[in-house]
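Trainee: One structure, as structure tokens, below. Some questions next.
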Amino acid sequence: MIQKSENKLKEPVGENEIKTQVILDGASNRAVLKRIKLGANAVWYPELVQRPQMTQIFLFTGGTGYVSAGGTAYNITEPARFIPDFDKEKITIKAGQEGLECIEIKAAQNKEDAFQINKSHLVFPNFRPLSKAWECNMANIGNETNVCGFILIENRKYGANNMGFFISEKPGPCKTREDSQIAYDQYVIAMEGADFSLTMDDETVDMREGDIALIPRTHKFTFSCGQEGKIHHVWYSLNRAYDE
1432 MIQKSENKLK
1442 EPVGENEIKT
1452 QVILDGASNR
1462 AVLKRIKLGA
1472 NAVWYPELVQ
1482 RPQMTQIFLF
1492 TGGTGYVSAG
1502 GTAYNITEPA
1512 RFIPDFDKEK
1522 ITIKAGQEGL
1532 ECIEIKAAQN
1542 KEDAFQINKS
1552 HLVFPNFRPL
1562 SKAWECNMAN
1572 IGNETNVCGF
1582 ILIENRKYGA
1592 NNMGFFISEK
1602 PGPCKTREDS
1612 QIAYDQYVIA
1622 MEGADFSLTM
1632 DDETVDMREG
1642 DIALIPRTHK
1652 FTFSCGQEGK
1662 IHHVWYSLNR
1672 AYDE
């Protein structure tokens, strides 16, 4: 059965107000996802995580503002992902006049994950808007699928965490090839303008902006949309190949 969470924070949030929603509570024994909605000018100081036991990712999905850490501030003017330097530097997230929305992802790491993070020499903090993602070819997309794929976190560069997004290349019906992630649990986060279907095995659910679904490893899945639809989602996957 597909586990799906709808956005319960659709109502306006007051100025300086912050609301949270746990996403698919208990669905994973390693990852915790929360939806955070900040009202205009609200300031949030997220609780930090310790290296190497945990990792933390912020996916900004809507609104404007900035995130700062270690004396450096990054303006949020479009969807973006941010990786802090664990608990080394305090994080400040401030919403602009139109508010700010984000997904916080915390995931437990094992010894192999910690080794891979050190090996990657990834510089923290690390901020990247979706417009600066790396385009890639993946097994379930191609010229005939009418879908483009992009990478936001490369495999093993940040331990068990991987992230990217799919987006319809142009209007019209499209469908990805069937895929199955043997070692990865994958969260599907529907982004702005999303109107597509997720099929896992023999079950299909509709995905709209703000919906989040979980595809457990080994299950077969595809994404598709109709004439007026649009595939647009961030995928966050957790590599379970080195689970202890």
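Read in the numbering used here, the sequence shown has 1605 at position 174, and its numbers run on one by one without any break.
We treat Cβ as the ideally placed atom computed from N, Cα and C, and that holds for glycine.
What is the DSSP secondary structure of N1557, counted as helix, strand or coil?
Mentor: N1557 falls in the strand class under three-state DSSP.
Trainee: What residue does the alpha helix (DSSP H) around E1543 start on, and which one ends it?
Mentor: Taken as a continuous stretch (DSSP letters only), the alpha helix (DSSP H) holding E1543 covers K1542 to S1551.
Trainee: Would you mind sorting N1460 into buried or exposed? The rule is 16 or more other CB atoms within 10 Å of its CB.
Mentor: N1460 is exposed by the Cβ-count criterion.
Trainee: Return the CA-CA distance between A1500 and P1515, expressed in angstroms with no decimal places.
Mentor: Approximately 7 Å between the Cα atoms of the pair.
Trainee: Among T1492, P1443, T1635 and Q1484, which residue has its Cα nearest to the Cα of F1596?
Mentor: Comparing Cα-Cα distances from F1596 to each of T1492, P1443, T1635 and Q1484, the minimum goes to T1492.
Trainee: With distances taken from CA atoms, which of E1640, R1608 and D1544 is nearest K1439?
Mentor: The residue with the shortest Cα to Cα distance from K1439 is E1640.
Trainee: Determine the burial state of I1572: buried for a count of at least 16 other Cβ atoms within 10 Å of its Cβ, exposed for fewer.
Mentor: With 16 or more Cβ atoms within 10 Å of its Cβ, I1572 is classed as buried.
Trainee: Within the chosen definition, does the region 1521-1538 reach the region 1467-1484 through at least 3 CB pairs nearer than 8 Å?
Mentor: Cβ pair count under 8 Å is three or more, so yes.
Trainee: So is H1663 buried or exposed if we call it buried at 16+ other beta carbons inside 10 Å?
Mentor: Classification for H1663: buried.
Trainee: Based on DSSP bridge pairs, tell me the residues matched to H1663.
Mentor: DSSP output for H1663 lists I1598 as bridge partner(s).
Trainee: Where does K1519 fall in DSSP's three states?
Mentor: Note: K1519 maps to coil in three-state DSSP.
Trainee: Look up K1563 in the DSSP assignment and say whether it is helix, strand or coil.
Mentor: Reduced to three states, the DSSP call for K1563 is helix.
Trainee: Kindly indicate which three-state DSSP category N1506 falls into: helix, strand or coil?
Mentor: Strand.
Trainee: Locate the beta strand (DSSP E) running through M1485, then write down its first and last residues.
Mentor: Where M1485 is concerned, the enclosing beta strand (DSSP E) stretches over M1485 to A1500.
Trainee: Does the beta-carbon of I1498 have 16 or more other beta-carbons within 10 angstroms, so that it is buried, or is it exposed?
Mentor: The amino acid occupying residue 1498 in the given sequence is Val; Ile does not appear at that position. V1498 comes out buried.
Trainee: Would you tell me roughly how many angstroms separate the C-alpha atoms of T1451 and R1512, rounded to the nearest one?
Mentor: In a straight line, the C-alpha of T1451 is about 18 Å away from that of R1512.
Trainee: Is L1645 near Q1434, with beta carbons less than 8 Å apart?
Mentor: The answer is yes: Cβ separation under 8 Å.
Trainee: On a CA-only basis, which of G1590, T1630, E1634 and G1660 is nearest G1624? Give me that one, please.
Mentor: If we check each option's Cα against that of G1624, G1660 comes out closest.
Trainee: Whole angstroms are fine: how far does the CA of Q1540 sit from the CA of G1496?
Mentor: Answer to the nearest angstrom: the Cα atoms are 30 Å apart.
Trainee: Considering just the uninterrupted stretch of the beta strand (DSSP E) at D1616, what are its terminal residues?
Mentor: Here the beta strand (DSSP E) through D1616 covers Y1615 to A1621.
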